[in-house]
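Comments concern the structure below.
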Amino acid sequence: MDPIMRKFFGSYSLPFRSMIGGTLTLPSGRQIAIALLLGTIFGLMALIIEPILVLLGMIGLILLIMTFIAPEVVILVVLCLASGLVPDRFNPFVDLLVGHAQVSDLLLLWLLFVVVFRVFTDKSFAYVKSPLDLPIILLFGAVLVGLANSVARFGIEFSHATFEVRILMYYLIFFPITNLVRTRSQLIRLGQGVLAIGLLLAVIMIAQSSMVGLTSLVDNWTVSVGEVGEVVRVFHPGFPVVYMVVIAQISYMALNKHERRSLSRWLQVLVMGAALFVTVTRNIFVTIAFGFTLLLAIITKSERVRLMRNVLIIAIIAAGLISLLVIFGRASEILDYSVTFYERLKSMFSSDIFEPGDTLVYRWEEIQFAWKQISEHPILGIGLYNPYRPLFFPDEHPFLRLYIHNTFLSLWLKTGLLGLVSFLWFSLVFINRGFREWRNVGDDFLRSLLIGFTIGYAGIMISNFVAPSMIESSSLVIFSVILGLNELIILNTNQAKSDKNMEALSAFQSMPARE
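Reading the sequence shown from the start, the letters are residues 14 to 528 in the working numbering.
Here it is as structure tokens:
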């Protein structure tokens, strides 16, 4: 147990040791008194206010305590809430003096507070340094400058401008990950949790495509394509989690030498691939193709053979499942999705892509307006929540005047040159460290996460020239989590290597001298 929690709850800890380590001991008198006191308080509160609010308060209190016991669990809860796995009604906005914040925002702030509190109050808690620390701090500093810029120079209302602050603030979850997750078992649980969240999101996306009534779970819209009818295009705001996880799983199939029967993993990759397929999103599949090709290029021949064997088996399973769907009368839906996807891919290589009405035309117009503003304000930009263009058509949503389909221009526009440079700085350092260190990781699972997330991040950076998932609400959080997770894997590996060298040196020094 964490030393701080041990001081508070006493030396005997039934609730925590039984949950984490499996050792059952009798509770101390202090623990019994605390339990009775909390039970009485929550019971009285349930008589005064809504029981559901009391329940949420209890869950919140548990999460606050878990930050000291199992911080990886709280980090995963933040990922669940912020990526949209849990519907927004369970992640409501709370009115604050400086604006609005969701529950996930408050949990993130609590995690950051615990890091700072432990660093300054606990002598045994050493701050974990990383090459990514400075650029991430500089990015958030640029965000605050963008906030001040929009309010002071352009007259944007402070509470409105803080909307984008709370989104970009999620890059700071890097620090709780690298500083609060201290053991290898916590690291593995965090990695497994990310994979599980990606799979759950994929299941929800597939369910949405089959049952349109699940609109409370995901955002969706209908796309009409030529003469093939209509398909439900499912776009879950957290779908980049699925993308990152499927790349990591593919990497694991190539690198894992010990797994003989991989049916569950084959099915997981198949489910996540199907979930990305129903998005009918061109840039994601181009990015996956890029990542797959890059992985093939950097792995050994035996790993390449292992991966292609797994891919072949997945293709056979997919063919069997499609045959079953055809038998049960779902052939038209499969055909519609296939034709829709084919048409969208084909349009990328057609001159029609530059016709009025195509999305790339809108993107080009956005770039022209954004570049005009950047040319006039190259150093500080125009600040947060500040419209950079007029409406393109009368019924266009006003919020789109703030939105640009290019992460790099958006950062430059809103946070100035410092924001763009710091973002590119930590991204390139992250990618470089991943490609340089992945072969040094001994554990197959952690090595697969490291190289899979590195490849996925490199690919999504290219995709972000046309789709700004790295700065969007719900999409951003997975990238900030893998920044911390990969860095933690590298730090853990280097520490283990250092400890091993120290043991070898100690053993050598303890050897008797030869006569």
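For glycine and all other residues, C-beta sits at the position ideal for the given N, C-alpha and C. Model, not experiment: these values are computed from the prediction.
- Message: I need the DSSP call for L393, collapsed to helix, strand or coil.
- Response: coil
Can you give me the Cβ contacts of L2 inside the same chain, cut-off strictly under 8 Å, excluding the 5 residues immediately before and after it?
A query on residue 2 cannot be resolved here, the shown segment of the chain reaching from 14 to 528 and no further.
Once the 5 residues before and after E530 are set aside, which same chain residues still bring their CB inside 6 Å of it? Nothing can be reported for residue 530, as the shown portion of the chain is limited to 14 through 528.
- Sequence-distant residues of the same chain with beta carbon closer than 6 Å to Q508, five excluded per side: none
Report task. Measure how close the beta-carbons of V454 and R446 come, nearest whole angstrom, since I'm counting them as under 8 Å. Result -> About 12 Å; that fails the 8 Å criterion.
Item checked: CA nearest to the CA of I82, picked from W279, V116, E356, Q199 -> Q199
- prompt: Going along the chain, which unbroken runs of the alpha helix (DSSP H) with 4 or more residues stay wholly within the region 320-362?
  reply: 344-360
Check your understanding: With C-beta atoms as the reference, is L214 less than 7 Å away from V254?
Key -> yes
Discussion item. Let me confirm a value: W234 is counted as buried when at least 16 other C-beta atoms fall within 10 Å, else exposed. Which label applies?
Written reply: Any reading at W234 must be qualified, since the residue scores a pLDDT of 48, below 50, and its modelled position is unreliable; no value is offered.
Next item on the list: For R197, I'd like the list of residues in its chain whose CB is within less than 7 Å of its CB, leaving aside the five on either flank, ordered along the chain.
Entry: N505
**Asked** Would you call the region 305-320 and the region 273-293 in contact, with 3 or more CB pairs under 8 Å?
**Response** no
* Asked: Buried or exposed: L7, going by 16 or more other Cβ atoms within 10 Å of its Cβ?
  -> This structure leaves residue 7 out entirely; the chain is present only between 14 and 528.
Report, in whole angstroms, the separation of the C-beta atoms of V259 and M285, which I expect to be a contact under 8 Å. 4 Å
Closest by C-alpha distance to Q281, when choosing among G211, S143, K270, A332: G211
_Pull the bridge partners of D408 from the DSSP assignment, please._
None, per the DSSP bridge assignment.
Does any residue of chain D have a CB that is nearer than 7 Å to the CB of D118?
Absent from the structure: chain D. Only one protein chain is present.
Answer with buried or exposed for G239, where buried requires no fewer than 16 other C-beta atoms within 10 angstroms of its C-beta. Below a pLDDT of 50, predicted positions are generally treated as unreliable, and G239, at 40, falls in that range; no measurement from the model is reported.
Which residue wins for smallest C-alpha separation from A267, given the options P481, D457, S482? D457
request  = Taking the CB atoms as reference points, tell me whether I190 and G465 lie closer together than 7 Å.
outcome  = no
4 or more residues per run - each alpha helix (DSSP H) lying fully within the region 165-200:
171-181, 187-193
Query raised in the report: Straight-line CA distance for V216 to A287?
Result: 9 Å
Point to revise | DSSP beta-bridge partners of L109 | key: G112
Q) Any idea if V178 is buried or exposed, counting beta-carbon neighbours within 10 angstroms, 16 or more meaning buried? A) buried
Problem set entry | Buried versus exposed call for M321 [16 or more other C-beta atoms within 10 Å across all chains shown] | exposed
Could you spell out the range, first to last residue, of the alpha helix (DSSP H) harbouring I297? 295-311
I believe W425 touches L413 by the beta-carbon criterion, under 8 Å. Please report the beta-carbon distance rounded to the nearest angstrom.
Incorrect: roughly 19 Å between the Cβ atoms, too far for contact.
Return the CA-CA distance between F405 and A480, expressed in angstroms with no decimal places. 19 Å
message: the ligand SAM and L147: does any heavy atom of the ligand fall closer than 6 Å to the residue's C-beta?
response: With respect to the ligand SAM, the structure offers nothing, as it holds no ligand at all.
What residue range does the alpha helix (DSSP H) around V91 cover? 84-95
Can you confirm whether the region 201-209 touches the region 153-173 when touching is taken to mean that 3 or more C-beta pairs between the two stretches lie within less than 8 Å?
no
Quiz item: So, using beta-carbon positions, are V87 and M79 closer together than 7 Å?
Solution: yes
When you compare only the Cα positions, how much space is there between K270 and A328?
21 Å
**OP:** Grab me the residues of L489's own chain with a C-beta within less than 7 Å of its C-beta, minus the 5 sequence neighbours each way, in chain order.
**Re:** I180, Y183, M483
- Item | Rounded straight-line distance, which links the Cα of V374 to that of V241 | Reliability fails at V241, whose pLDDT of 39 lies under 50, so the model's placement of it is uncertain and no value is given.
(message) Given this structure, state the Cα-to-Cα distance separating Y140 from S264, to the nearest angstrom.
(response) 31 Å
Between G35 and E379, what straight-line distance do the alpha-carbon atoms span, to the nearest angstrom?
-> Because the pLDDT at G35 is just 42, under 50, the model does not fix this residue reliably, and the point stays unresolved.
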